[in-house]
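Heads up: the protein sequence lines correspond to chains V and R, in order. In terms of numbering that gives the first Met the number 0, the first sequence opens at residue 0 and continues consecutively. In terms of numbering that gives the first Met the number 0, the second sequence opens at residue 0 and continues consecutively. Below: one structure, written as structure tokens.
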Amino acid sequence: MPAGWLASILIHACVGLLIVFGFPWLFTSDRDSVAVEIVPVEIVTIAEVTDVSPIAPMEEVEAANEVPPEEIEDEPEPAPEPERPRQRSLASFLDDVTKTKAPTQRPNKGPRGENPRMGAGRSAAETVTLEARAAAVARDHILRNRCWRAPADMPNPDQLAVRMRFRLDARGRVVGRPVPSRSAMGNPELRVAIQRAEHAVLQCDPFPFPNDPALRDHYDLWREMDVNFDFREMSG
Amino acid sequence: MRILNALRRKFARGAAIAAAMVLVSAGELADAQAQDTARGPLRVDITVGHLDPMPIAILDFIGADASASTAGRDIAGVIRSDLERSALFRPIAPAAFIERISDINVPPRFADWRVLQAQALAVGEATTLPDGRLRIQYRLWDVLGQQHIGGQMFASTQDNWRRIAHKVADDIYKQLTGEDGYFDSRVVFVSESGPRTRRVKRLMIMDQDSANPSFLTNADYQAITPRFSPTTQMITYMSYETGRPRVYLYNLETNRREVLGDFPGMTFAPRFSPDGNSVVLTLDHNGNAEIYRMDLRTRQRTRLTNHPAIDTSASFAPDGSQIVFNSDRAGSPQLYVMGADGSGPRRISFGDGRYSTPVWSPRSDYIAFTRQNGGRFAIGVMRPDGTGERILSESYLDEGPTWSPNGRVIMFFREAHPGAGPRMWSVDLTGRNLRQMSTQTDASDPAWSPLRR
């Protein structure tokens, strides 16, 4: 009995001590310092993802085009579920904290696409970099496949710039018709310039974003496209 | 106490980590939401394009009877040939076609044409009308856009089937380039035959694709320098049928000919004004050549240049406000532009060599010319202010440019080497599409007609 009482008193005392000392600690500057350091952890993590390597070579792009054509869908496919942050162990989390405290020990950038953390959790810097990559992929795709017949044969091609807005489904396929930024308004040259810009989009359908390791999980980046066809020079 | 401290540390650390993870997740969520709401479409700038020939499928036009079927097949062949020769289109070989179309009013299976890389599809139907005439209906489909973009119907006599084909080709050209075509047009030129010492020069006319050639003048006298009116089927030319040079007007539709006038001294290079109501020409008085304008209705002459140098080869701008001409007033033949009344002449050519035979494009954006430099002759273009000079072709002798009605193609004549007879060639504004015209005899000094109506 005395032993039981003793144990009970001890346990209650422990609980009391934890309440007294543990909870107030959560609101001390110690916790704030940990939370502040978490942001750089994200930067370290993103740095590996945002290693934008050169645009995929032609073989890669063509490989993307070899996906057998499928039925055209009226509606865009739902976006792939963004890959949620992996459940990480306490040890790995603490490792990250350690890394933030020693930024010079940041690992070298690995090949693109290595980082498993992709999806909604992007910093502004990563978004900017990925957008630049996506734009480069689109440009490369249109140029390599010679999709755009420029209005270079018309009297004033510099006045025939046309923007085309369109939507892609998650497989990179054009959904519906591209919408031009301008109306021909009875101008036959502008009408043809609009027609050629539309043809460029349709001829380049599908776009190879799903085949790009760094972009395939960022559908939100390339779901809506706004391509400005503004002739400056002839391709070789 | 040590145990308590340990417990305290562990508990505190765990609670802090849990709180931090909650904060991280909340932060990521907020960040993602902010990005989703703020992000617009992905913006891409495309500034580099190509001008490869557009792949187009042109089916043999359907015919209800044997004669209509033959006409339909022949018409489709001429359309393919016209478009292919422009170098802006690449007609796909009919043997590759998958879909057989029996009703031109039913939308085609676009996938069957897209797999052939066709971007446009032309289908048509030929019908023999009760009065014996030929009726042609055609439709143009945008394969990539999967829509109908053009179609017309023509009716004419059976023997006029080539003109119908050219008109269909012109319509396809306009629908797909935004510019008028040039296929339903003709060329007048000097047909040359016989030995060099007794050369016979006769005017000949043919379609722009070399079909239907026929002589306009006979072999009894020399006829040279034909020039087309930019608006009517009328030409001017010089003839020696009376033994001395005279300028004639020749209406090709009425086959009526009249003398423009007897002029003292030599007369050179008459050209029509854009409205067709007057001509500019050079009159040579005692070795001083000056440019005059003559009203065709009143036959009154107005002197436009007054300079001791040789002024010649005048050509109007399409709006009639300016004239480009050739003068050696700076020591060697160069190009000058002046007002239509002769005011404010200014030199526009400053390259190496001697410039001559300027012709203003019907599109008004360029002036074509002949340039002689280093013993070779070249055909080139420059803008009316003298900038953007480009040489399109060069040989031992390239000379006498004339513009297609849409200002996209230039025809000229070439003597490939000393002693070679002249032959006519065409080249487009890019200089890439250089082709020899098919003529039965040697041919020089071409003049391209406006589109026929």
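Where is the CB? At the ideal position from N, CA and C, for every residue including glycine. Keep in mind that this is a model prediction, so the values were computed, not measured.
| Near residue 67 of chain R, what residues of its chain come up, given a Cβ to Cβ distance below 7 Å and the 5 sequence neighbours on each side ignored? | 125, 126 and 127
| query | For residue 248 of chain V, does the three-state DSSP call read helix, strand or coil? | reply | This structure cannot speak to residue 248 of chain V, because chain V is shown only from 0 to 235.
| Going along chain R in order, which residues have a C-beta closer than 8 Å to the C-beta of residue 11 of chain V? | By Cβ distance, chain R contributes nothing, its closest Cβ being about 13 Å from residue 11 of chain V, past 8 Å.
| query | Which residues of chain C have a Cβ atom closer than 8 Å to the Cβ of residue 201 of chain V, listed in chain order? | reply | The question asks about chain C, but that chain is absent: this structure's protein chains are V and R.
| Between the beta-carbon of residue 401 of chain R and the beta-carbon of residue 409 of chain R, is there less than 8 Å? | yes
| query | Given a threshold of 16 other Cβ atoms within 10 Å of its Cβ, counted over all protein chains shown, does residue 311 of chain R qualify as buried or as exposed? | reply | buried
| chain R residues whose Cβ lies nearer than 8 Å to that of residue 144 of chain V | The contacting residues do not exist; residue 144 of chain V stays about 10 Å from chain R at best.
| request: Label residue 43 of chain R either buried or exposed according to how many other C-beta atoms from any shown protein chain fall within 10 Å of its C-beta, with 16 as the threshold for buried. | output: buried
| task | Compare the C-beta of residue 45 of chain R against all C-beta atoms of chain V and say whether one is closer than 8 Å. | result | yes
| query | At least one CB of chain V closer than 8 Å to the CB of residue 151 of chain R: is that the case? | reply | False, the Cβ-Cβ gap to chain V never drops below 8 Å.
| Any idea which residues DSSP pairs residue 49 of chain R with across the strands? | DSSP lists V:148 as partners of residue 49 of chain R.
| field | residue 453 of chain R (DSSP reduced to helix, strand or coil) | value | In this structure chain R extends from 0 to 452, so residue 453 of chain R is not present and cannot be described.
| Hey, would you say residue 187 of chain V sits closer than 8 Å to residue 161 of chain V, going by beta carbons? | no
| request: Using a Cβ cut-off of 7 Å, pull out every chain R residue sitting near residue 234 of chain V, in sequence order please. | output: Ordered by position in chain R, the residues that pass the 7 Å Cβ test against residue 234 of chain V are 47, 48 and 49.
| task | Consider the Cβ of residue 389 of chain R: report whether some Cβ of chain V lies at a distance smaller than 8 Å. | result | no
| Spatially closest choice to residue 304 of chain R from R:105, R:349 and R:284, by CA coordinates | R:284
| query | In chain R, which residues lie less than 9 Å from residue 184 of chain V when you measure between Cβ atoms? | reply | Within 9 Å Cβ-Cβ: nothing; residue 184 of chain V doesn't reach chain R, min ~13 Å.
| field | Sequence-distant residues of the same chain with beta carbon closer than 8 Å to residue 150 of chain R, five excluded per side | value | Only residues of its own chain outside the window of five on either side were considered, and among them 136, 137, 138 and 139 have a CB closer than 8 Å to the CB of residue 150 of chain R, listed in chain order.
| request: Measure the CB-CB distance between residue 421 of chain R and residue 361 of chain R and report whether it falls below 8 Å. | output: no
| said: Taking 8 Å as the threshold (C-beta atoms), are residue 434 of chain R and residue 425 of chain R in contact? | reply: yes
| Complete alpha helix (DSSP H) runs within the stretch 98 to 152 of chain R (minimum length 4 residues, chain order) | DSSP runs (the alpha helix (DSSP H)) wholly in the stretch 98 to 152 of chain R: 109 to 113.
| query | Would you say residue 35 of chain R faces chain V, with C-beta separation under 8 Å as the test? | reply | With a pLDDT of only 48 at residue 35 of chain R, under 50, the local geometry of the prediction cannot be trusted, and the value read off the model is given with reservation. Chain V, which has a Cβ nearer than 8 Å to the Cβ of residue 35 of chain R, makes this yes.
| field | Chain-ordered neighbours of residue 170 of chain V on chain R, where CB pairs are closer than 9 Å | value | Within chain R, no residue has its beta carbon less than 9 Å from that of residue 170 of chain V; the closest one is some 16 Å off.
| request: Determine the burial state of residue 525 of chain R: buried for a count of at least 16 other Cβ atoms within 10 Å of its Cβ, exposed for fewer. | output: Any question about residue 525 of chain R goes unanswered here, given that chain R covers just 0 to 452.
| Classification of residue 29 of chain R by the beta-carbon crowding that lies within 10 angstroms, buried from 16 upward | Caution applies to residue 29 of chain R, whose pLDDT of 46 falls short of 50 and renders its modelled position unreliable; the value that the coordinates give is listed next. Around the beta carbon of residue 29 of chain R, fewer than 16 other beta carbons lie within 10 angstroms, which makes this residue exposed.
| message | I'd like the list of long-range same chain contacts for residue 357 of chain R, defined as Cβ closer than 8 Å, with 5 residues on each side in sequence excluded. | response | 312, 314, 323, 324, 325, 334, 366, 367 and 368.
| residue 14 of chain V: buried (16+ other C-beta within 10 angstroms of its C-beta) or exposed? | exposed
| query | residue 182 of chain V: buried (16+ other C-beta within 10 angstroms of its C-beta) or exposed? | reply | exposed
| field | Enclosing alpha helix (DSSP H) for residue 201 of chain V [first to last residue] | value | First-last of the alpha helix (DSSP H) with residue 201 of chain V: 187 to 202.
| message | Does residue 163 of chain R come out as helix, strand or coil in the three-state DSSP assignment? | response | helix
| said: Contact criterion: CB-CB distance below 8 Å. Does residue 210 of chain V meet it with respect to chain R? | reply: Chain R, which has no Cβ nearer than 8 Å to the Cβ of residue 210 of chain V, makes this no.
| query | Would you call residue 64 of chain R buried or exposed, if buried means 16 or more other Cβ atoms sit within 10 Å of its Cβ? | reply | Counting Cβ neighbours within 10 Å, residue 64 of chain R comes out exposed, since fewer than 16 surround it.
| said: Between which residues of its own chain and residue 259 of chain R is the CB-CB distance below 6 Å, once the five residues before and five after are set aside? | reply: 246 and 248
| field | Buried versus exposed, by CB contacts within 10 Å (16 or more), residue 9 of chain V | value | exposed
| query | Straight-line CA distance for residue 103 of chain R to residue 123 of chain R? | reply | 6 Å
| said: Which same chain residues end up closer than 7 Å to residue 287 of chain R when comparing Cβ atoms and leaving out the 5 residues on each side of it in sequence? | reply: 307
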